[in-house]
Amino acid sequence: SQTIHQWPATLVQPVGSPLSLECTVEGTSNPNLYWYRQAAGRGLQLLFYSVGIGQISSEVPQNLSASRPQDRQFILSSKKLLLSDSGFYLCAWSTDVNQPQHFGDGTRLSIL
Amino acid sequence: AQKVTQAQTEISVVEKEDVTLDCVYETRDTTYYLFWYKQPPSGELVFLIRRNSFDEQNEISGRYSWNFQKSTSSFNFTITASQVVDSAVYFCALSPTETGGTSYGKLTFGQGTILTVHP
Chain A
110 SQTIHQWPAT LVQPVGSPLS LECTVEGTSN PNLYWYRQAA GRGLQLLFYS VGIGQISSEV
170 PQNLSASRPQ DRQFILSSKK LLLSDSGFYL CAWSTDVNQP QHFGDGTRLS IL
Chain B
1124 AQKVTQAQTE ISVVEKEDVT LDCVYETRDT TYYLFWYKQP PSGELVFLIR RNSFDEQNEI
1184 SGRYSWNFQK STSSFNFTIT ASQVVDSAVY FCALSPTETG GTSYGKLTFG QGTILTVHP
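Line order of the protein sequences matches chains A and B. Position one of the first sequence corresponds to residue 110 (the working numbering), numbered consecutively onward. Position one of the second sequence corresponds to residue 1124 (the working numbering), numbered consecutively onward.
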């Protein structure tokens, strides 16, 4: 069966520090991969999606970037974090664009 | 543009009550998918159901049922005989069906409804 792993689960970072969140999927090949952010008390906003290695599309301009160095690995990064980057970050995968997306456990990011 | 509205921000019920979560959507696509996800206090999103816009039949799964009405652009979710474990945030979401080209199945989420079931 397929599983998705995200880490770390919780992260506290100072403003201006770099960020790297990692997501890996097991049990499938060539998945579609997604990064979402959920601000407190709000719905989910799609940040990035990838349909293959090295293929990244951004939904909203922001302080973050994403990379897909391997087929089942998706990384969310920032060179300098802002206070507004705080939130709950969720990675998701699907086998096909018409199939449901399945989410990881998420990373709670707090910026001080 | 696509939009999903969950007008109920919070709902509080007592165990064993039935509860309906409302979802209204807007889209210009002729075909699309509708979804419901559950987010328990632990934070992960759990997929509950996907409905194709072609299929307006209501669906029942145990204590869960879904009422899709294309005429009113609604996809409501009912929990029968609610239980404390049903306490969570529930999200309705919409995505276009993709017929080719570069596509990614973008999900547009509603703001969510916080359901609290008291014992």
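No residue lacks a Cβ here, since even glycine has one placed at the ideal position from N, Cα and C.
Could you please give me the residues that DSSP links to residue i through a beta bridge?
| i | result |
| --- | --- |
| B/Q1206 | According to DSSP, B/Q1206 bridges with nothing at all. |
| B/P1219 | B/Y1155 |
| A/S174 | A/S186 |
| B/F1198 | B/F1191 |
| A/I162 | Answer is none; A/I162 lacks a bridge partner. |
| B/R1173 | B/F1158 |
Quick check: the Cα distance between residue i and residue j, rounded to an integer number of angstroms?
| i | j | result |
| --- | --- | --- |
| A/S159 | A/D194 | 21 Å |
| A/L190 | B/V1137 | 43 Å |
| A/S176 | A/I165 | 7 Å |
| B/F1177 | B/D1152 | 12 Å |
| A/Q69 | A/Q171 | A query on residue 69 of chain A cannot be resolved here, the shown segment of chain A reaching from 110 to 221 and no further. |
| A/L142 | B/T1231 | 16 Å |
| A/C132 | A/F157 | 13 Å |
| B/P1164 | B/V1212 | 8 Å |
| A/P117 | B/T1132 | 30 Å |
| B/N1175 | B/Y1156 | 5 Å |
| B/S1194 | A/Y198 | 35 Å |
Excluding five sequence neighbours on each side, which residues of the same chain lie with their C-beta closer than 6 Å to the C-beta of residue i?
| i | result |
| --- | --- |
| A/P174 | Reading off the sequence shown, one finds Ser at residue 174 of chain A, where the question assumed Pro. Here the set comprises S186. |
| A/L221 | P123 |
| B/F1200 | L1144, W1159, W1189 |
| B/S1135 | T1239 |
For residue i, collect the residues of the same chain with a Cβ closer than 8 Å to its Cβ; drop the 5 residues on either side in sequence, then sort them by chain order.
| i | result |
| --- | --- |
| A/H211 | Q111, I113, A201, W202, S203 |
| B/A1130 | D1145, V1147 |
| A/R162 | Correcting the residue type first, residue 162 of chain A is Ile in the shown sequence and not Arg. Same-chain partners within the cutoff: R177, P178, Q179, D180. |
| A/T137 | Q111, R181, W202, T204 |
Who are the Cβ neighbours of residue i in its own chain at under 7 Å, not counting the five residues just before and after it?
| i | result |
| --- | --- |
| A/P140 | V134, R181, W202, S203, T204 |
| A/K188 | P127 |
I'd like to know whether the C-beta of residue i is nearer than 8 Å to at least one C-beta of chain C.
| i | result |
| --- | --- |
| B/F1232 | Absent here is chain C; the protein component of the structure consists of chains A and B. |
Short of 9 Å Cβ to Cβ, which residues in the segment 184-213 of chain A face chain B? From the segment 184-213 of chain A, only F197, L199, A201, S203, D205, V206, N207, Q208, P209, Q210, H211, F212, G213 have a Cβ closer than 9 Å to chain B.
In chain order, what residues of the segment 129-146 of chain A put their CB closer than 9 Å to some CB of chain B? The segment 129-146 of chain A vs chain B, Cβ under 9 Å: N141, Y143, Y145.
Positions along the segment 1140-1168 of chain B whose CB lies within less than 9 Å of some CB in chain A: Residues Y1156, F1158, Y1160, Q1162, S1165, G1166, E1167, L1168.
The segment 1183-1213 of chain B: positions lying closer than 8 Å to chain A by Cβ: Listed in sequence order: no entries.
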